[in-house]
Every structure is written in C-alpha cells, then in structure tokens.
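Enquirer: Mind looking over this structure? Questions follow.
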Amino acid sequence: MGLSDYDTELLTISRATADYFETALNSDTSPSNEMAKAIGNWMLGEMARLQNQTGTLLDDVNIAPGQIVELQKLVDGGTLSSSMAKAVFEKMYNTGADPQAITEADGLAQISDSDAVGAAIDDAISANPQPVWDYLEGKESAMQFLVGQVMRITRGKANPQMTTELLKNKLEAMK
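Numbering (this note's numbering), first residue to last: 501 to 675.
See below:
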C-alpha cells in the first residue's frame, strides 16, 4: 500500500482513524500506493500536528476525507508546491473550505508557464551578474542563489523544478 508498517499501525490505531483514511483513499477514482502514502503523510503529519495544537478530535476536524485527495492532486499536478500545500491544509483545517477554492482565493497556485518563469529568470540574471559569473566559473552553489532570486521575484510562486531546469539551460547556453 506504500505505507510503512509503523504508519499502518498508526493509521489503524483507532476505528475512526482507519475509517477516515479508508474513506479518503476510496474517494480517489484510481487509488494508488503513492496516494495512500500521501494521505497517510497528511494525516500523520499536518493533521496530527494541528489536532495536537488545537486539542481537536478526528471526529471534529473540518477537513472531509476526500479533500485530502483533492489537495494532494493539486500538489501532484504542479499547481501547489509542498510548502504552499501545507498553508492550504491549515486553512482547510480551520475553515473546512475546499483546497481548490483556497488556492484560487489566496492566489497560491504555482507559476508553471515557462514564458513567465523565463521572464523572471531573465530578471534574476540581469540583476545578479556576479552569481551568474560564479556559476559559469564552476561554482554550483550560485545556482541555488539564482533560483532563490527567481522565487523572490515571483513571490515564491514559480515552480521550483521548472525554475531550476530553465535556469540551468539558460546558464549552460551562456558558457
């Protein structure tokens, strides 16, 4: 099922937890080991943290089981980064709102348009000639600085994998 024995034990520690997990997994049209692991991670990570913080029992949690699957699909589809997804999860926990609605209302969707990311990369390269030079001279750590600058320009919304790939291609073409 994609879950470790330890995670499986935690997810079946009570009937309510097991039922919640099973309902979430069954809400996916084609459940997979990866989705089972993701649901388990959300339940044992963020949900458990928030329950401990607020003293809330699982029966009183505002998140419908299927909403965890919806949230994970936004991550898997590249709409949300994992850090943005945690922020959305917390809002879901506090309000019961749909993850897609929160993402749209708060403007949290990642920028996955290569032209928009490319424009931010061009701005970062223009504004930071020394790190560009450092990278071209073989200093790999300069790449992370430049990725960080692109993320700053896009206020953290650029898809990090796309940013790294496009930036690397652009810098390699400058060699």
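Glycine is no exception: its CB is placed at the ideal position from the N, C-alpha and C atoms.
1) Beta carbon of Val-617, beta carbon of Met-662: below 7 Å?
2) Check this for me: beta carbons of Ile-611 and Ala-658, under 7 Å apart or not?
3) Where does Ala-658 fall in DSSP's three states?
4) Give every residue of the same chain whose Cβ lies closer than 8 Å to the Cβ of Leu-544, excluding the five residues on either side of it in the sequence, and list them in chain order.
5) Under a Cβ-count criterion, where at least 16 other Cβ atoms within 10 Å of its own Cβ denotes burial, should Met-535 be classed as buried or exposed?
6) Which residue spans inside the region 616-655 form an unbroken alpha helix (DSSP H) run of at least 4?
7) Between the Cα of Gly-648 and those of Ala-620, Trp-633, Asp-634, spot the shortest distance and give me the residue it belongs to.
8) What would DSSP say about Ile-568, mapped onto helix, strand or coil?
9) Can Ile-563 and Tyr-520 be called in contact, C-beta distance under 7 Å?
10) Can at least three beta-carbon pairs, one atom from the region 567-586 and one from the region 619-636, be found at a separation below 8 Å?
11) Between Gly-566 and Ser-527, is the Cβ-Cβ spacing less than 7 Å?
12) Would you decide whether Ile-513 is buried or exposed? Buried here means 16 or more other CB atoms lie within 10 Å of its CB.
13) Comparing alpha-carbon positions, which option in Gly-578, Gln-553, Leu-574 lies nearest Gln-600?
14) In whole angstroms, what is the alpha-carbon distance linking Met-674 and Leu-636?
15) Beta carbon of Leu-550, beta carbon of Ala-516: below 7 Å?
Expert: Taking the definition as stated:
1) yes
2) yes
3) strand
4) Apart from sequence neighbours up to five positions away, the residues of its chain that approach Leu-544 with a beta-carbon distance below 8 Å are Asp-507, Leu-510, Leu-511, ordered along the chain.
5) With 16 or more other Cβ atoms within 10 Å, it is buried.
6) Qualifying alpha helix (DSSP H) stretches, in chain order: 629-636, 641-653.
7) Closest by C-alpha distance to Gly-648, out of Ala-620, Trp-633, Asp-634, is Ala-620.
8) helix
9) no
10) no
11) yes
12) The residue in question, Ile-513, is exposed, as its Cβ has fewer than 16 Cβ neighbours within 10 Å.
13) Leu-574
14) 8 Å
15) no
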